[in-house]
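Sequences listed follow chains A and B, in order.
Mapping the first sequence onto the working numbering, position 55 (from 1) lands on 69, and the numbers just tick up by one.
Mapping the second sequence onto the working numbering, position 147 (from 1) lands on 161, and the numbers just tick up by one.
For every residue, glycine included, the Cβ atom is placed at its ideal position computed from N, Cα and C.
Number of protein chains: 2
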Amino acid sequence: MARPATDFATRLHSQGFRLTPQRQLIMDAVRHAARHVTPDEVYAAVHRQNPAISRATIYRTLDFLCEMRLIHALYWGGQMYYEIAAEQPHHHLVCRGCGVMVECAPDLLQIVVDVVEKKHRFTIDMDHVALFGLCRHCRGQGKKSKK
Amino acid sequence: MARPATDFATRLHSQGFRLTPQRQLIMDAVRHAARHVTPDEVYAAVHRQNPAISRATIYRTLDFLCEMRLIHALYWGGQMYYEIAAEQPHHHLVCRGCGVMVECAPDLLQIVVDVVEKKHRFTIDMDHVALFGLCRHCRGQGKKSKK
DNA sequence: CAACTTATTGCAACCAATTGCAATAAGGCT
DNA sequence: AGCCTTATTGCAATTGGTTGCAATAAGTTG
Numbered sequence: 015m016a017r018p019a020t021d022f023a024t025r026l027h028s029q030g031f032r033l034t035p036q037r038q039l040i041m042d043a044v045r046h047a048a049r050h051v052t053p054d055e056v057y058a059a060v061h062r063q064n065p066a067i068s069r070a071t072i073y074r075t076l077d078f079l080c081e082m083r084l085i086h087a088l089y090w091g092g093q094m095y096y097e098i099a100a101e102q103p104h105h106h107l108v109c110r111g112c113g114v115m116v117e118c119a120p121d122l123l124q125i126v127v128d129v130v131e132k133k134h135r136f137t138i139d140m141d142h143v144a145l146f147g148l149c150r151h152c153r154g155q156g157k158k159s160k161k
Numbered sequence: 015m016a017r018p019a020t021d022f023a024t025r026l027h028s029q030g031f032r033l034t035p036q037r038q039l040i041m042d043a044v045r046h047a048a049r050h051v052t053p054d055e056v057y058a059a060v061h062r063q064n065p066a067i068s069r070a071t072i073y074r075t076l077d078f079l080c081e082m083r084l085i086h087a088l089y090w091g092g093q094m095y096y097e098i099a100a101e102q103p104h105h106h107l108v109c110r111g112c113g114v115m116v117e118c119a120p121d122l123l124q125i126v127v128d129v130v131e132k133k134h135r136f137t138i139d140m141d142h143v144a145l146f147g148l149c150r151h152c153r154g155q156g157k158k159s160k161k
């Protein structure tokens with residue numbers, strides 16, 4: 015289950031950031047979500063616990079947690095999605111037909127990461143890769159069924 | 015220079031879509047842009063030619079052209095960016111520190127595409143891959159300098 | 001544990017982008 | 001050339017997300 019809330023505090027403090035109830039609630043909301051959550055879902059969950067917390071704080075905190083690399087963000091179809099940064103890094107295959115998000119193992123991309131590192135001196139975020147395309151079901155028809 | 019506006023029309027017609035002056039202007043604006051353009055830049059360029067064209071049309075048409083796979087979209091830092099779908103497909107390395115976008119050759123990812131195809135029966139869009147990470151300059155400092 | 005510094009929050013205004021709807025016009029048919 | 005279907009547009013309202021600023025409170029120091 016990894017190191018959850020415990021060193022969340024120390025991790026923040028070590029960089030001069032502060033641990034606030036808002037951040038804890040938001041972090042928890044993302045952590046305990048089944049899978050990708052929208053800011054609005056996070057807001058709903060947090061709001062249930064503390065109605066005083068504003069939407070702006072949700073957005074800012076999700077952003078902040080991304081920068082801290084404690085959660086991952088994904089933009090698709092005009093919507094942001096967030097997910098806890100797992101122990102087990104993995105990638106996402108996002109279907110542009112139906113929007114389904116499949117996970118895939120990370121080892122696949124290791125070669126790419128290495129080459130890009132050497133050739134471009136660019137360090138790819140291995141734990142935050144989203145590849146877009148068409149899933150098995152949407153390959154047949156050229157139509158989209160999003161929304 | 016490839017097949018520009020000529021079969022743009024036929025390509026649309028073949029799927030029951032229509033060729034409108036708006037679409038032509040917007041397509042041209044993206045085509046003739048140096049590199050990635052924001053919807054607002056497209057709007058400005060189009061507006062210069064025809065002030066009657068609304069922002070909604072810009073957004074809708076950019077979306078439409080994406081679905082037609084005539085242009086590519088990239089979301090970063092709360093902003094959409096568009097680029098003409100080149101003959102020569104290529105990928106983007108987007109630095110989450112400074113936001114710089116580097117291009118890289120596509121052959122690199124071919125292995126990944128193949129494996130994902132077999133293993134997940136998922137067809138990755140080879141001409142629309144954006145990988146996030148840190149560029150050579152931003153690797154050193156943990157700070158961000160965006161905006 | 002009181003005083004202090006400044007990171008963080010809530011508020012409200014703002015901005016980028018999306019959407020419902022009625023008006024318009026592209027392009028097929030005759 | 002004129003008619004007709006319906007894809008597309010413009011408008012105005014709405015949504016998702018961001019931002020400036022003053023108020024608040026986390027955590028540090030004495």
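- According to DSSP, residue pairing for residue 117/B in a beta bridge involves 106/B.
- Distances from the alpha-carbon of residue 78/B to those of 149/B, 142/B, 118/B, 37/B put 37/B closest.
- Looking at the DSSP output, residue 97/A bridges to 86/A.
- When DSSP states are grouped into helix, strand and coil, residue 138/A belongs to the strand group.
- The beta-carbon separation of residue 112/B and residue 152/B, rounded to 5 Å, stays under the 8 Å limit for a contact.
- Neighbours of residue 145/A in chain B, taken as residues whose beta carbon is under 7 Å from its own, are 138, 143 in chain order.
- A Cβ-Cβ separation of about 21 Å leaves residue 96/B out of contact with residue 123/B under the 8 Å criterion.
- Put simply, the backbone Cα of residue 67/A is about 33 Å away from that of residue 54/B.
- When rounded, the separation of the alpha-carbon atoms in residue 135/A and residue 125/A is 14 Å.
- For the set 40/A, 116/A, 103/A, 87/A, the Cα lying nearest the Cα of residue 63/A is the one of 40/A.
- Bridge partners of residue 148/B according to DSSP: 137/A.
- Interface residue (Cβ-Cβ distance to chain A less than 7 Å): residue 89/B is classified as such.
- In this structure, the alpha-carbon of residue 121/B lies about 46 Å from that of residue 34/A.
- Rounded to whole angstroms, the gap between the alpha carbons of residue 59/A and residue 110/B is 28 Å.
- The Cβ neighbour count for residue 46/A, taken over all protein chains shown within 10 Å, is under 16; the residue is labelled exposed.
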